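Undergrad:
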Amino acid sequence: MSNRSDFYSRVYAVVRLIPEGRVTSYGAIARFLGAAGSSRVVGYAMNASHQLEDVPAHRVVNRNGVLTGKHHFSTSDAMQRLLEAESLSVVDDKVKDFKMHFWDPADHLDQADFYKG
DNA sequence: CCAATGACGGCGG
DNA sequence: ACCGCCGCCATTG
947 MSNRSDFYSR VYAVVRLIPE GRVTSYGAIA RFLGAAGSSR VVGYAMNASH QLEDVPAHRV
1007 VNRNGVLTGK HHFSTSDAMQ RLLEAESLSV VDDKVKDFKM HFWDPADHLD QADFYKG
């Protein structure tokens, strides 16, 4: 098993742990996985995540809280609808009060525990 | 094998 | 605050 394909699995694992009503960023995920600066790869992994079912891709936005990935959902408003269904407000394609709803994996997950399980 | 691409982000001007 | 450049690296043509 190569480290790189494992990276994708880790990305999905983190995304699956994002609580309902919370959002995180590509960079935060990359950083938590020890690949700071590889946020683009996280985005690439997310692009391939639509085939999986339990990955709440709508909870991953960019560092400004902008729904940059909305165009990759089934419909252009699907991502916003999903977020609004979780009591989040989306205005002009960005999450309102992004900072307040931001969920940093590094602040809520234990590194060792994550890699162990 | 080489070049282009992308759901990003940091930094400089 | 706005704009543009560059690094990041798996995937695709």
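To convert, take the position in the first sequence, counting from 1, and add 946; that gives the numbering used here. Each residue gets a CB set at the ideal place from its N, CA and C atoms; glycine is no exception. Computed from a prediction, not measured in an experiment: that's the story for all the values here.
#1: Run through DSSP, which three-state label would residue 1042 get?
#2: Please say whether residue 1015 and residue 1041 have beta carbons closer to each other than 8 angstroms?
#3: Hey, residue 987 and residue 995: beta-carbon distance below 8 angstroms or not?
#4: Taking buried to mean at least 16 other C-beta atoms within 10 Å of its own C-beta, is residue 989 buried or exposed?
#5: Could you tell me if residue 1004 is buried or exposed, where buried requires 16 or more neighbouring beta carbons within 10 angstroms of its beta carbon?
#6: Give the DSSP bridge partners of residue 1001, in chain order.
#7: So the candidates are 1026, 963 and 1052; which of them puts its Cα closest to the Cα of residue 1037?
#8: Report yes if the CB atom of residue 981 is closer than 8 angstroms to the CB atom of residue 1050, and no otherwise.
#9: Bridge partners of residue 1007, per DSSP?
#10: Taking the alpha helix (DSSP H) that residue 1058 belongs to, which residues open and close that run?
#11: Among 969, 954, 1052 and 960, which one has its Cα closest to the Cα of residue 1043?
#12: Verify whether the separation of the beta carbon atoms of residue 1047 and residue 967 is less than 8 angstroms.
TA: Let me lay it out:
#1: coil
#2: no
#3: no
#4: buried
#5: buried
#6: DSSP output for residue 1001 lists no bridge partner at all.
#7: 1026
#8: no
#9: 971
#10: 1057 to 1062
#11: 969
#12: yes
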